[in-house]
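Asks: If you count the sequence shown from 1, you need to add 119 to reach this note's numbering. Ideal placement from N, C-alpha and C gives every residue a C-beta, glycine not left out. Please read these numbers as outputs of a predicted model, since none were measured by experiment.
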Amino acid sequence: MGKFKLDEIDHQILDMLIDNTRIPFTDIAKKLLISAGTVHVRVKKMEDAGIIRGSSLTLDYNQLGYAFIAYVGIFLQNTSQTKFVLERINNIPYVTVAHITTGKFNIFCKIRAKNTEHAKDIIFMLDDIEGIHRTETMISLEESINDKKRLMHSIFNEL
């Protein structure tokens, strides 16, 4: 499919979905003075074009007992082991994000844990992966900003 061109109605629909992915199409339609069918068709077109890829659920990890956040920089013995190591990291559910990076670390991960003891266990799991030379951990004292919505709104305002 060629490049999909968003119009103002598409922007408004996306704006509402960014703020609340669970908003009913009928509510969007009422606010925009269009039919729910039109909203459905437009959302489907944006999904088909790859602009919308599913929806997400935001959890409060503190409420679930996983308030401890740490970032782990991983040094590999050899960069050719990156894929192998990432496959092993993917088997540790407490590693919620992993990036291949340039600079100091080969891989940079975010972990969520119940407490420091649990975090230590997770870090030891990482250290035990074949191909990892060593790790360096930074403890998050507070997650001050975690708002993807602002970026999404800015992107769609630029289009």
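At 4 residues or longer, and completely inside the segment 197-255: list those alpha helix (DSSP H) runs for me, N to C.
Replies: 201-208, 235-246
Asks: What is the residue span of the beta strand (DSSP E) that F194 lies within?
Replies: The residue given as residue 194 occupies position 75 in the sequence shown. Per DSSP, F194 belongs to the beta strand (DSSP E) from 187-195.
Asks: Would you grab the beta carbon distance between I230 and A189 for me? Rounded to a whole angstrom, and I think it's under 8 Å.
Replies: Translated into the one-based positions of the sequence shown, residue 230 becomes position 111. Translated into the one-based positions of the sequence shown, residue 189 becomes position 70. The pair is a contact, with the Cβ atoms about 5 Å apart (cut-off 8 Å).
Asks: Note down, in chain order, each residue of its chain lying with its Cβ closer than 6 Å to the Cβ of M271, except the 5 sequence neighbours on either side.
Replies: Here residue 271 refers to the residue found at position 152 of the sequence shown. Counting only Cβ-Cβ distances below 6 Å, and skipping sequence neighbours, we find I137.
Asks: Using DSSP bridges, identify the partner residues of M257.
Replies: Taking the sequence shown and counting its residues from 1, one reaches residue 257 at position 138. Answer is Y190, bridged to M257.
Asks: Which value, in whole angstroms, describes the spacing of the CA atoms of P212 and S263?
Replies: For the purposes of this step, residue 212 is taken as residue 93 along the sequence shown, with counting starting at 1. For the purposes of this step, residue 263 is taken as residue 144 along the sequence shown, with counting starting at 1. Each residue's alpha carbon lies about 23 Å from the other.
Asks: If you run the structure through DSSP and keep just helix, strand and coil, what is L136?
Replies: Here residue 136 refers to the residue found at position 17 when the sequence shown is read from its first residue. In this structure, L136 counts as helix in the three-state DSSP scheme.
Asks: Under a CB-based cut-off of 7 Å, is R269 close to chain D?
Replies: Included in the structure is just one protein chain, with no chain D present.
Asks: Using the C-alpha atoms, what's the distance from P143 back to G173?
Replies: Translated into the one-based positions of the sequence shown, residue 173 becomes position 54. Translated into the one-based positions of the sequence shown, residue 143 becomes position 24. Their backbone Cα atoms lie some 15 Å apart in a straight line.
Asks: For I251 versus I193, is the C-beta distance shorter than 7 Å?
Replies: Looking up residue 251 in the sequence shown gives position 132. Looking up residue 193 in the sequence shown gives position 74. For I251 and I193, yes; Cβs fall inside 7 Å.
Asks: Using the Cβ count rule (16 or more neighbours within 10 Å means buried), how would you classify L133?
Replies: For the purposes of this step, residue 133 is identified with residue 14 of the sequence shown, where counting begins at 1. With 16 or more other Cβ atoms within 10 Å, it is buried.
Asks: Taking DSSP as the reference, what is the three-state secondary structure of E262?
Replies: In the sequence shown, the residue the question calls residue 262 occupies position 143. Coil, per DSSP.
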